[in-house]
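**Q** Starting off with a structure, shown below.
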Amino acid sequence: MELRVTATARDGVGVARGCDGRVVFVEGALPGELVTAEIHTVDRRWARARVIDVLEASPNRVPIACEHHLEGCGGCDMLHVDSRAQMQMKASIVVDQLTRHGVDAPAPALRMLDADRGRTTVRAKVVDGRAGFMARSSHEVVIPEDCGAVDDAAEELLVEGRYGPANGVFIRVGSRTGERMVVVNPTVDEVSVPDDVMVVGADELDRDRRAWIHEELSGRRWRISARSFFQNRPAGAEALIDEVAEMVEELATDGPLVDAYAGVGLFAGTAGSGRKVTAIERSVDAAADARINLGEGAKVLRIPVEKWRASPASVVVADPARSGIGEAAVRPLLSCKPPLVVLVSCDPSSFAKDAGRLIECGYTLDRWTVVDLFPLTSHIETVAAFVATA
Numbered sequence: 054m055e056l057r058v059t060a061t062a063r064d065g066v067g068v069a070r071g072c073d074g075r076v077v078f079v080e081g082a083l084p085g086e087l088v089t090a091e092i093h094t095v096d097r098r099w100a101r102a103r104v105i106d107v108l109e110a111s112p113n114r115v116p117i118a119c120e121h122h123l124e125g126c127g128g129c130d131m132l133h134v135d136s137r138a139q140m141q142m143k144a145s146i147v148v149d150q151l152t153r154h155g156v157d158a159p160a161p162a163l164r165m166l167d168a169d170r171g172r173t174t175v176r177a178k179v180v181d182g183r184a185g186f187m188a189r190s191s192h193e194v195v196i197p198e199d200c201g202a203v204d205d206a207a208e209e210l211l212v213e214g215r216y217g218p219a220n221g222v223f224i225r226v227g228s229r230t231g232e233r234m235v236v237v238n239p240t241v242d243e244v245s246v247p248d249d250v251m252v253v254g255a256d257e258l259d260r261d262r263r264a265w266i267h268e269e270l271s272g273r274r275w276r277i278s279a280r281s282f283f284q285n286r287p288a289g290a291e292a293l294i295d296e297v298a299e300m301v302e303e304l305a306t307d308g309p310l311v312d313a314y315a316g317v318g319l320f321a322g323t324a325g326s327g328r329k330v331t332a333i334e335r336s337v338d339a340a341a342d343a344r345i346n347l348g349e350g351a352k353v354l355r356i357p358v359e360k361w362r363a364s365p366a367s368v369v370v371a372d373p374a375r376s377g378i379g380e381a382a383v384r385p386l387l388s389c390k391p392p393l394v395v396l397v398s399c400d401p402s403s404f405a406k407d408a409g410r411l412i413e414c415g416y417t418l419d420r421w422t423v424v425d426l427f428p429l430t431s432h433i434e435t436v437a438a439f440v441a442t443a
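Here it is, written out as structure tokens:
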């Protein structure tokens, strides 16, 4: 069918109307384009389609250089979009979500990162011993012969590693330390990788085996366990650190900093420098890493944020999972009455909902930045400063 694309949805796909009035989300289409598309998923109120042919192209469309994308690889979903247009699209998606949730926001700052081979963490499926990525809108797996999105040390393990009868592999490398690790699911059997690589089975981690690598960024060395969350691109992690640290330096009063959803202690160890720091993290592995990374001067609490018994703080930095802070955690976080809350979000809808909650609790959205953390993908990262009103 022919479709005229009029907008961009929050996951970066085009939005059109079918002849029956149904909303159609069109993968690989840009606003303003006329495309021929094939429907592959139908719901009562919407349908999802993929582009077959572009009849009238947007000026923001560029040729796709990756042959694996043309084969169906779903790893990078914005290869067809000019880099500056990607940044504008991502900002407009977040602004749209804020508007939908009734949040009045100033214009955001935009921070672009180079589309380099920067990914240091790779999650892949395994088929016949080889690692690959899920194809778009399919259960098929695309086995790459190379990948321009990942760090060279990770690419070697992705392309040349052999993982026997496993069904999945998690690759993590320290691009600045040279350390490498693979976690094979469900167990290690007939795995062939270079001798320097730490090989761990998911079943071993389930039995409490500890395994980690180190990475260096922002002038510090970080321990990162196999099951700890860590931004999978050092340049991206440093961009977030810079944004958070700048907001804290310019807007926070002197006093303690609380790092909620602290992970391995990334913001506590950087933006919290020179302050009394409390890091809150429910993951056993990540909390253990944070204790090592932050040292004896920091308090690390291995509890859910919802169960935190607040102590006074000048600033709260919150970097929740994709679902956001949520209603249950907002009250505990704000019970310490912080003059400043810095929110780091990886989901536009969750960010807008959390922004609305903070505003309802007496905060103003002072400034915010959209960070293009993963160019060529629809991933959107937002860093925002909320200041308590007098």
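In terms of our numbering, the sequence shown opens at residue 54 and continues consecutively. Just so you know, even glycine gets a beta-carbon here, dropped at the ideal spot from N, CA and C. From a predicted model like this one, the values you see are computed outputs, not experimental measurements.
(1) Identify every run of the beta strand (DSSP E) within the region 270 to 298, keeping only runs that are complete inside it and at least 3 residues long; order them along the chain.
(2) Alpha carbon to alpha carbon, how far is Arg189 from Leu132?
(3) Per DSSP, what kind of secondary structure is Ser403 in: helix, strand or coil?
(4) Closest by CA to Gly128, which one among Met187, Arg172, Leu56, Val134?
(5) For Thr331, which three-state DSSP category applies?
(6) On a CA-only basis, which of Val195, Arg375, Val237, Val353 is nearest Ala315? Give me that one, please.
(7) Consult DSSP for Lys390 and reduce its assignment to one of helix, strand or coil.
(8) Given this structure, state the Cα-to-Cα distance separating Met251 from Arg233, to the nearest angstrom.
(9) Between which two residues does the alpha helix (DSSP H) holding Ala69 run?
(10) Could you work out which residue in Asp256, Arg420, Ala340 is closest to Leu304 when comparing CA atoms only?
(11) Name the two residues that bound the continuous alpha helix (DSSP H) containing Asp205.
(12) For Cys72 and Glu55, I'd like the C-alpha separation in whole angstroms.
(13) With H, G and I counted as helix, E and B as strand and the rest as coil, what does DSSP make of Gly409?
(14) Work out the CA separation of Ile266 and Asp372 for me, nearest whole Å.
(15) Could you give the C-beta distance for Leu426 and Gly308, rounded to a whole number, given that I count them as a contact under 8 Å?
(16) Alpha helix (DSSP H) containing Glu91: first to last residue?
(17) Measuring CA to CA, which of Glu434, Ala110, Val440 is closest to Arg286?
(18) Following the continuous alpha helix (DSSP H) through Met131, name the residue where it begins and the one where it ends.
(19) In whole angstroms, what separates the C-alpha of Gln139 from that of Pro428?
(20) For Asn220, which residues in the same chain have their Cβ closer than 8 Å to its Cβ, ignoring the five residues on either side in sequence?
(21) Put Ala382 into one of helix, strand or coil per three-state DSSP.
(22) What's the C-alpha gap between Phe282 and Val317?
(23) Applying the 10 Å Cβ sphere with the 16-neighbour rule, what's the burial state of Leu108?
(24) Using CA atoms only, rank isn't needed, just tell me which of Val212, Ala351, Val226, Asp135 is closest to Leu310.
(25) With 16 other CB atoms within 10 Å as the buried threshold, where does Arg442 fall?
(26) According to DSSP, is His267 helix, strand or coil?
(27) Per DSSP, which one or two residues make a beta bridge with Lys143?
(28) State the CB to CB distance for the pair Ala264 and Val246, rounded to an integer number of angstroms; the pair is presumed to be in contact (CB under 8 Å).
(29) Compare the C-beta of Arg114 with all C-beta atoms of chain C and state if any pair is closer than 8 Å.
(30) For Arg362, count neighbouring Cβ atoms within 10 angstroms of its own Cβ and tell me buried if that reaches 16, exposed if not.
(31) Which of the three DSSP states, helix, strand or coil, is assigned to Glu303?
(32) Taking DSSP as the reference, what is the three-state secondary structure of Asp46?
(33) What does a CB cutoff of less than 8 Å around Arg215 pick up in its chain, not counting 5 residues either side in sequence?
(34) Residues in its own chain within less than 8 Å of Gly125 by CB, not counting five upstream and five downstream?
(35) Taking contact to mean 3 or more Cβ pairs, one atom from each stretch, closer than 8 Å, check whether the region 372 to 386 and the region 404 to 422 are in contact.
**A** Inspection of the coordinates gives the following:
(1) 273 to 278
(2) 13 Å
(3) helix
(4) Met187
(5) strand
(6) Val353
(7) coil
(8) Whole-angstrom Cα-Cα distance: 6 Å.
(9) For Ala69, no alpha helix (DSSP H) encloses it; the enclosing beta strand (DSSP E) starts and ends at 67 to 70.
(10) Arg420
(11) 205 to 212
(12) Whole-angstrom Cα-Cα distance: 9 Å.
(13) Here Gly409 sits in helix by DSSP.
(14) 22 Å
(15) That belief does not hold up - the Cβ atoms of Leu426 and Gly308 are roughly 29 Å apart, past 8 Å.
(16) Per DSSP, Glu91 belongs to no alpha helix (DSSP H); it is in the beta strand (DSSP E), 87 to 95.
(17) Glu434
(18) No alpha helix (DSSP H) contains Met131, which DSSP labels as neither H nor E.
(19) 8 Å
(20) Lys178, Val179, Asn238, Pro239
(21) In this structure, DSSP gives Ala382 a helical state, which the three-state scheme calls helix.
(22) Distance between the alpha carbons of Phe282 and Val317: 7 Å.
(23) exposed
(24) Ala351
(25) A quick correction: the sequence has Thr, not Arg, at residue 442. Exposed, by the Cβ-count rule.
(26) strand
(27) Residue pairing for Lys143: DSSP places it in no beta bridge.
(28) Actually they do not touch by this definition, with Cβ atoms about 14 Å apart.
(29) In the structure shown, chain C does not exist; there is a single protein chain.
(30) exposed
(31) Helix, per DSSP.
(32) The question about residue 46 has no answer here: the residues shown for the chain are numbered 54 through 443.
(33) Gly182, Arg183, Glu243, Val244, Ser245, Val246
(34) Ala188, Arg189, Ser191, Glu193, Val195
(35) A contact exists between the region 372 to 386 and the region 404 to 422.
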